[in-house]
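Report on the structure given below.
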Amino acid sequence: MINTYHTSLPPPPVPPRTGMHHAASGRTSPPVWFFSAVLVVQMVLTMGGFVYLFRKNSMMQNEFLGRSYDDFIVLKRLQECDDGSLDSNSLLDCRKILDKFMAVISKISQAGAVGKGALLSGSMPFRVSSPVAHMVPERQPPTSKTVMWNRDHSLLAKVTYLSGPGALKILQPGNYYVYSQVTFTNMSATHPLAHSIVRTRTSGEKTDILLRAYASVKSKDQPPGATSFQGGVFKLEKDEQLFLNVTDVKSLTLDETSTTFGLFML
Numbered sequence: 004m005i006n007t008y009h010t011s012l013p014p015p016p017v018p019p020r021t022g023m024h025h026a027a028s029g030r031t032s033p034p035v036w037f038f039s040a041v042l043v044v045q046m047v048l049t050m051g052g053f054v055y056l057f058r059k060n061s062m063m064q065n066e067f068l069g070r071s072y073d074d075f076i077v078l079k080r081l082q083e084c085d086d087g088s089l090d091s092n093s094l095l096d097c098r099k100i101l102d103k104f105m106a107v108i109s110k111i112s113q114a115g116a117v118g119k120g121a122l123l124s125g126s127m128p129f130r131v132s133s134p135v136a137h138m139v140p141e142r143q144p145p146t147s148k149t150v151m152w153n154r155d156h157s158l159l160a161k162v163t164y165l166s167g168p169g170a171l172k173i174l175q176p177g178n179y180y181v182y183s184q185v186t187f188t189n190m191s192a193t194h195p196l197a198h199s200i201v202r203t204r205t206s207g208e209k210t211d212i213l214l215r216a217y218a219s220v221k222s223k224d225q226p227p228g229a230t231s232f233q234g235g236v237f238k239l240e241k242d243e244q245l246f247l248n249v250t251d252v253k254s255l256t257l258d259e260t261s262t263t264f265g266l267f268m269l
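Residue numbering for the sequence shown follows this note's numbering, starting at 4 and increasing by one per position.
Here it is as structure tokens:
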């Protein structure tokens, strides 16, 4: 007999296989673990880098501020030394400060720290807020008493160099530390070997000597030649000119670490 009975109910679902559900849910694929570990390591390294850079920047700022404050104190003390109202004890302290300062300037000049590299190029690698000049010698005329300087290889900021007279022209009035250093090689000359910093007033007629120093050899055991350094603080007015005179320009050592002339505003 043929069964012709029909029903509208759907057939029962096929039961799942035993163990498949637990196996799929209890295990994570290896790529997910790998990418998770890489992400965690990257986050740790990033946070560590930020912390290191922050602490390094703070240390550098503190060190820079400390040095700037010390330099400001020294320059402020030099400016106070230029006042005429100090007592004898204060003047003795000023003398000690100036002696140490001139010794440092002499070492810098001899080492060539200011006479080389970007400081002596035509473009300034840093911002200078005060007038400053550090001159490098060039080939000298044989009959001249005034030392001529190489403008292209010297440091100049807010000070004009006049190549004709070989002078530095003051553009901003104030108290300046002025210095010069020369090295003579011909010590057999009969006349004394000296260098003088001369100032020409605004009118261009009156001149006066600010500093003068002599070079001499103390003993025969020393190598030929002698170096002389001088420096001091002076009040300079606008349009005044400063130049360096020597007794014998032919005896000069024309080297940027041996012969130099400069100033800076306090």
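Don't be surprised by glycine CBs; every beta carbon is placed ideally from N, CA and C. These numbers come from a predicted model, not from an experiment.
Secondary structure of residue i, DSSP reduced to three states
i, result
"residue 15", "coil"
"residue 26", "Confidence is the limiting factor: at residue 26 the pLDDT is only 47, short of 50, which leaves the residue's position unreliable, though a coordinate-based value still follows. Note: residue 26 maps to helix in three-state DSSP."
"residue 231", "strand"
"residue 122", "Residue placement at residue 122 is flagged as unreliable, the pLDDT there being 43, under the threshold of 50; the coordinate-derived value follows with that caveat. Looking at residue 122 - three-state DSSP - the assignment turns out to be helix."
"residue 150", "coil"
"residue 45", "helix"
"residue 58", "helix"
"residue 128", "Since pLDDT at residue 128 reaches only 44, below the 50 mark, its modelled position is unreliable, and the value read off the structure follows with that caveat. Coil, per DSSP."
"residue 39", "helix"
"residue 254", "helix"
"residue 33", "helix"
"residue 259", "coil"
"residue 269", "coil"
"residue 165", "strand"
"residue 117", "Residue placement at residue 117 is flagged as unreliable, the pLDDT there being 44, under the threshold of 50; a coordinate-derived value is accordingly withheld."
Proximity below 9 Å, CB of residue i to CB of residue j
i, j, result
"residue 150", "residue 181", "no"
"residue 235", "residue 135", "no"
"residue 170", "residue 133", "no"
"residue 214", "residue 233", "yes"
"residue 3", "residue 196", "With the chain running from 4 to 269 in the structure shown, residue 3 is simply not present."
"residue 140", "residue 243", "no"
"residue 263", "residue 156", "no"
"residue 172", "residue 249", "no"
Residues that DSSP places opposite residue i in a beta bridge
i, result
"residue 133", "None; residue 133 has no bridge partner."
"residue 175", "According to DSSP, residue 175 bridges with nothing at all."
"residue 244", "172 and 203"
"residue 183", "233 and 264"
"residue 198", "216 and 249"
"residue 158", "137"
"residue 188", "Partner(s): none; residue 188 has no beta bridge."
"residue 238", "178"
Assumed close pair residue i, residue j - CB separation to whole angstroms, cut-off 8 Å
i, j, result
"residue 183", "residue 198", "6 Å"
"residue 179", "residue 267", "7 Å"
"residue 255", "residue 143", "7 Å"
"residue 205", "residue 240", "6 Å"
"residue 253", "residue 168", "Residue 253 to residue 168, Cβ: 20 Å. No contact."
"residue 200", "residue 247", "6 Å"
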